[in-house]
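In this note's numbering, the protein residues as written are 843 to 990.
Even for Gly, the Cβ is constructed at its ideal location relative to N, Cα and C.
Fair warning: this is a prediction, and the values are worked out from it, not measured in the lab.
Structure record follows, encoded as structure tokens.
Given below as structure tokens:
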């Protein structure tokens, strides 16, 4: 066997349908586009959400509410999670990099520490935001809070 006599498996390839190559091809004339209408014309492209002239869904459904374009999304992490992380890895400084390495946040997340649970370890915690209960819980055990 050599490269000169290789060929694809039986039935694995098909010949391409050649459209618009004259009447003798069997696919001339309207060239599989049917008769008349927008889809038969050259340059036709359907608009996103177009429903054939019927009022599109996004215009039929009522709008309500308010979306704040300046909203900041935070990844919430509780104080008890920090306590477990400090005990497991035997660390005293917890910042965003430590949380990313532990799989608790991604590198693009803004991290907010919340006050659920108890904390006993004296930690230096660096995050983007803290709830009042979390800040008081960390400072109650003589830890420090640093906002990034």
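Query raised in the report: Can you name, in chain order, every residue of its own chain whose Cβ lies under 8 Å from the Cβ of residue 914, other than the five neighbours on each side?
Result: 952
Query raised in the report: Mind checking residue 972: buried by the 16 CB within 10 Å criterion, or exposed?
Result: Taking all protein chains in view, the Cβ of residue 972 is crowded by 16 or more other Cβ atoms within 10 Å, so the residue is classified as buried.
Query raised in the report: At what residues does the beta strand (DSSP E) containing residue 955 begin and finish?
Result: 952-956 is the extent of the beta strand (DSSP E) around residue 955.
Requested in this report: With distances taken Cα to Cα, identify the nearest neighbour of residue 884 among 876, 934 and 890.
Outcome: 876
**Report entry** Beta-carbon proximity of residue 924 to residue 936, cut-off 7 Å
**Finding:** yes
Query raised in the report: Between residue 941 and residue 890, what straight-line distance do the alpha-carbon atoms span, to the nearest angstrom?
Result: 41 Å
Query raised in the report: Between the C-alpha atoms of residue 963 and residue 983, what's the straight-line distance to the nearest angstrom?
Result: 7 Å
Query raised in the report: Which of helix, strand or coil does DSSP assign to residue 912?
Result: coil
Query raised in the report: Taking C-alpha atoms, which residue in 930, 902 and 934 lies nearest to residue 944?
Result: In this structure, 930 is the residue among 930, 902 and 934 with its C-alpha nearest to the C-alpha of residue 944.
Requested in this report: List the endpoints of the continuous beta strand (DSSP E) containing residue 966.
Outcome: Start and end: 966-969.
Query raised in the report: Between which two residues does the beta strand (DSSP E) containing residue 987 stretch?
Result: 986-989
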